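Here my numbering is used: position 66 in the sequence shown is 67, and no number is missing along the way. Glycine included, each C-beta is placed from N, C-alpha and C at the ideal position. Predicted, not measured: the structure shown is a model, and the values here were computed from it.
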Amino acid sequence: MSSAFGDTGHAGPSRQRSHHKIRPHAYCHCAKCGGNIKQNAVVIKDHQTRYPRAPTPVAVEGDQLGAAMRQMNYDNEDYPNRLVNEHEEPMRSPSPQHVYSLPGSPPEMPIDGQHDLQADFDAPGEDMEVDREYPFDNLLGDLDDRPNLRFIDYVGAEIEEELEEDRHDDAWFDEDFGIPEGANDLEPQAQRFDFRVGEEFEELIQPGDIDPDDEGNNAGAEHRAFQEHALIRNAYIDAYVQKVIYGATHRALKHQLKSARRTIAANPVVPREDIAGMAQTIKTAETRLGVNTDQIITTFTLCPLCKRRYSPEYIATTDEETCLNDWCEGVLFTVRNLASGARRRVSKLTYPFASPIAWLKHMLRLPGISELMQTWRDDERNDGELGGPIPSEEWMQNLDLNTPIADISDGWGWRSTSAGLERRYDQHTGNVIDESILDPPIRFVSLPYGISLSLNTDWFQATKEGSYSVGACYLAINNLPRHLRFLRENVALCIIMPGPNEPNHYALDQMLEPLIDELLELKQGVQMSVRRGDPPVYEEKIVHGELSQHLADLMARIKMGGGAGLKSELNFCLYCHSRLSSLSVPAGYIRDSFRFRDPQQELRNAYEWRSLPSHEERKRLFDATGNRFTALHNIPGWYTASSSPPDAMHLLYLGATNWIVKQVLVAPGIFNKRRAGPHDPQAAFNACLESMWVPKNFQRLPPKLGQTQGSVKADQWKLTSRILYVPLYMALRDGDAIPPVFAPPGNRNSTSVKHCALRAKNLHQQRQKHYRATGQPDLCPPLEECYSSRSLQFHYRQVLRFCLAVNIIDKRSITPAEVAFAQELLELLAKDYLTNNVPLPPNFHYMMHLEEFLLKCGSVYNTHVWGMERANRIVSQINHNGKSGGILEGTFMRGWWDYSAIQNLINILRSLPDRTEADESVIEDLLVALQGGVEQAQQQGTLLAFIAQCQTAYTQLYGMHESIRLSKQSRVIDLERFDLYELVLRFCIDLWPDAGIFGPGVAQNIYLAPVGMVRNHSYVEHNGIRYGSYHHTNGKGYCFGYINERYPVRVERILHIEFPGQVHMRSVCAVVRLFQPPRVRVQFPWDTWAGHLGASSWEYGQLGEPVVVSATQFSGVFALFDIPMSYGRYWVTVALDS
């Protein structure tokens, strides 16, 4: 770092006019400028050292890959793995001196019109920016040498406590600020999922509907139907389908079961005792099928005014209809006369609650779940034995920086918590401690059934009008493998909070208390019946559960954790004590200077807040500490600061990518058209996105410039972060390179100039506040030195830095070394933005806290909320009558659990060893019950495909069958007609070398006929990714993909080979043509980081000869760009997988 940052001898920065506006420019003859660009004397001298003239490029020895491909033979047994491994060299770009010496190769090309591009900076702050270059091959360089921020490392003395002031301009947090309105694609409406459930069912229940043999909570009754005769079981399912699909009443269903009993009794095959014990009410039938949700859902009453909670038992027995709070006069219920003559109390406001204990009991009785919960255990770590907790310090000491961290069980947090914790609060001292009642301590997950849970909380709009917001709380089981953890059937919807508005703190705690009470009960252990093995054996086990983490967006984490909020000057961050105003200078992003919050002190503050008697005292403490007591603080081991990991979806995509595109590039006018030449940066950016090829199922594409205001979804921003550096290069380049010039701001009345002026004003105000807080108000730079940089190279380097960091972080497996590298990139990104006066929202500060949670919780795929956001959409798609007061919320809850019950029922039926035609018919009926659900729209196929994919996830875990799925449509192919016979024959011989496969010539054992043994399919799915045939209409949209890790190919045909009478001689293969490396090595600004970015360059339109590969060699998909250069035209592939 420059010594200017540490010089305290000057009271303020110099305001001398920038020298690059005064001194004459001359042509620079370095290797970079080539004598075609004018630079000032300082830059010319610098370039002589940094970019000396390179020697004349030399040629390589021909097309090595092409020659090798022509000479390939396939007589080696490991043919499928040899195809690409021998030719990995094209994946990395060699230095320019190793390319063909052809006219117009990269080092020789001039940049047209360079001397005309530097537009006059006709706006305030024009003299503040220093002319310099930003190397793209060094993203870990020092901060820009900015004299006006020489004290950015100084964080000030101990900051005195002060009351909060909400004086922030809302525009500071508005990502759409300054963005012109444009056309936006409407969000497609998925077909609504129709469940005929509601209060009318309750009104139609008659006294005679009660089954005298109701099995209620009898644990042995659940799934008892699968021990009964198949005819009886299917009769139960028929009745259940009548209820769910056709809205049959309880009385009608009772008659249907009774008539089914008479019919089955006439069948001599069915045992008499089974008929005698047959269920006669739908409730008993649902219990035996394992789909009865009454044991899970409880409906509580809330006071419509103060939101105090009342149990169903209290409402049924009380003589008082008003709220019990002294200061409240809310009426809890009214009495309604039913058609049957009975009277029923109807609550004014309710909310549904689903018991996590009942849910876990249900889950542990499903086939395979108890075994799946144990798959994380590692014998090398002695996970099968009881052991003590492992502190994070010990974990860090034994950390291998190059060992991948993937699952949550790989992070230090998994084995660090103790079992048997109790939280104890001393009212006299204010101390709050968690103590284990076990001696010696035992780590929680080493218990036989120590279940770790994740809580998700979010609010969403329940109606199309967008004026009715409801909240949802979900639980997921962290012990399950990650690919199963967030499937809908494995997630519990525990609470639906009534709208139309979000609850206040008191109401939130009231609704959370039943959930917290059951989590505390689980913490101590609950006896449950656990199914193991096949045939199943049910054993009584003590099951423990603990809430390990809260997964939510930032606002929900703050609300649930009792935080102060993003506009709090002293306490905007949940994890450290940085001030909000420090985000206006690089100090707000220097991790080494952070004062991290002490979880124990934060907990003590929360309990002290609860003990204070008056609202004024609580507010004073809250303003000073940012801590408020919530129901979650009752849970032993729970700390807001350490139990609420950042969510990558909101942080990196809806937060950072959104802000960089809108507020850093678009609104300030970085895409403004430069005066020289016809090149329009915005048009070039959009044209690049328009021509980009991605698989057909990527329906949400990155937003084009001019269409960024409005609802852009997280997956659109995620895809944008993968490829942004490519269209940005096309937009900012002049010729083949991005020149070291500034984007013209436009005239003084332009939108971009006004935007920059207001941003500079807001930034200056925040800096004034920061320097006053640090005791050095005189060091605050003046307003004219707060205008953001317009350097094209600076902004491209920042985007490249950000894309590189995101590509490293957003992976299913990441090493600690990669975590540290990505975190350093993000820190430099934020510091350089502020050094160049680009204001950032709090999201960028929260990105500085990713490293500690990645090491604790594993990769971001353990803490993201994609699955829960999908769950919100599923809930909102359930059909309802729109009634408020808790009726809509109850419909949502019953719809969720009925749907999940059907999915579980389908899985159980599919697991039956000897399914009959009747069983298959019943499964089809259940699938009909699910048709039209949002999964169907999400999977872009039939619901059967969705169920099959879920099944594949289960079976793949045990290697029970291949993760290959072919298209349903196929036809026999004539291999000789399409000149494929020799290729397929050689593939079969290599695949089955001992089978004696032969073609025309010497006869051996098995003959491969040109027609009749091979079928042509439109596509194949491998590990859930579709690869299609280029020559088939339904497959062409999926015809590009990777094989053997990262080698791109075009898929010509998908073939299924099957030898008649040879059960084990079947194979799915593909005819592919490999991309070809460029004859002239192209130079792109991202070349140094191409490996991390998943980017590679290839000769445009050139493909190798057809070869046959196994479908199991497919390894991912990519985005394909067409990039013309002055010396050639190129394909650029960018990996889209993680």
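Helix, strand or coil for residue i, going by three-state DSSP, please let me know.
{"i": "Asp926", "result": "helix"}
{"i": "Ile233", "result": "helix"}
{"i": "Thr285", "result": "helix"}
{"i": "Val1003", "result": "coil"}
{"i": "Tyr1142", "result": "This structure gives no information on residue 1142, because the portion of the chain shown stretches from 2 to 1139."}
{"i": "Asn338", "result": "strand"}
{"i": "Leu1121", "result": "strand"}
{"i": "Pro1049", "result": "strand"}
{"i": "Val662", "result": "helix"}
{"i": "Ser751", "result": "coil"}
{"i": "Val1", "result": "Any answer about residue 1 is impossible in this case: the structure gives the chain only from 2 up to 1139."}
{"i": "Trp718", "result": "helix"}
{"i": "Gly589", "result": "helix"}
{"i": "Gln40", "result": "strand"}
{"i": "Glu983", "result": "helix"}
{"i": "Ile1044", "result": "strand"}
{"i": "Thr376", "result": "coil"}
{"i": "Lys762", "result": "helix"}
{"i": "Met1126", "result": "strand"}
{"i": "Pro843", "result": "helix"}
{"i": "Ser468", "result": "coil"}
{"i": "Ser393", "result": "helix"}
{"i": "Glu134", "result": "coil"}
{"i": "Ala280", "result": "coil"}
Where does the unbroken alpha helix (DSSP H) through residue i begin, and where does it stop?
{"i": "Ile739", "result": "Note, Ile739: premise wrong, no alpha helix (DSSP H); not H, not E."}
{"i": "Trp1140", "result": "Absent from the structure is residue 1140, since the part of the chain shown begins at 2 and ends at 1139."}
{"i": "Thr264", "result": "251-266"}
{"i": "Ala1096", "result": "Unbroken run through Ala1096 is the beta strand (DSSP E), 1096-1100; no alpha helix (DSSP H)."}
{"i": "Thr641", "result": "641-644"}
{"i": "Ala902", "result": "888-911"}
{"i": "Trp360", "result": "357-365"}
Quick check: residue i and residue j, are their CB atoms within less than 8 Å of each other?
{"i": "Glu321", "j": "Phe334", "result": "no"}
{"i": "Gln904", "j": "Arg489", "result": "yes"}
{"i": "Ile517", "j": "Met894", "result": "no"}
{"i": "Pro442", "j": "Ser417", "result": "no"}
{"i": "Gly627", "j": "Pro746", "result": "no"}
{"i": "Val800", "j": "Leu729", "result": "yes"}
{"i": "Ala1120", "j": "Ile724", "result": "yes"}
{"i": "Lys308", "j": "Ala508", "result": "yes"}
{"i": "Phe630", "j": "Arg605", "result": "no"}
{"i": "Glu540", "j": "Arg533", "result": "yes"}
{"i": "Lys857", "j": "Gly412", "result": "yes"}
Starting from residue i and walking both ways along the beta strand (DSSP E), at which residues does that stretch end?
{"i": "Thr1134", "result": "1129-1136"}
{"i": "Ile1070", "result": "The sequence given here places Cys at residue 1070; Ile does not occur at that position. Counting along the chain, the beta strand (DSSP E) containing Cys1070 begins and ends at 1067-1075."}
Pick out whichever of the options has its Cα sitting closest to the Cα of residue i.
{"i": "Leu1104", "options": "Phe1085, Val1072, Thr418", "result": "Val1072"}
{"i": "Ala806", "options": "Phe1119, Ala649, Ile636, Phe573", "result": "Ala649"}
{"i": "Thr288", "options": "Arg273, Tyr237, Ser753", "result": "Tyr237"}
{"i": "Asp138", "options": "Asp811, Trp1132, Phe1085", "result": "Phe1085"}
{"i": "Glu825", "options": "Pro842, Leu835, Phe803", "result": "Phe803"}
{"i": "Asn1045", "options": "Ser1116, Thr299, Gln1077", "result": "Ser1116"}
{"i": "Gly421", "options": "Ala1112, Gly412, Glu436, Val820", "result": "Glu436"}
Under the criterion of a Cβ to heavy atom distance below 7 Å, does residue i qualify as lining the ligand ATP?
{"i": "Arg972", "result": "Only the bare structure without any ligand can be found here, which leaves the ligand ATP out of the picture."}
Given 8 Å, three or more beta-carbon pairs between the stretch 824-831 and the stretch 856-863: no
Three CB pairs or more closer than 8 Å across the stretch 440-453 and the stretch 467-487: yes
Any 3 or more C-beta pairs closer than 8 Å across the stretch 1007-1017 and the stretch 974-990: yes
Between the stretch 638-647 and the stretch 548-568, are three or more C-beta pairs nearer than 8 Å? yes
Segment contact, 8 Å Cβ cut-off, at least three pairs: the stretch 1022-1040 with the stretch 993-1003: no
Mind the definition here: the stretch 773-783 touches the stretch 737-757 only if three or more C-beta pairs lie below 8 Å; say whether that holds. no
Can you find at least 3 beta carbon pairs, one from the stretch 571-578 and one from the stretch 595-614, that sit closer than 8 Å? yes
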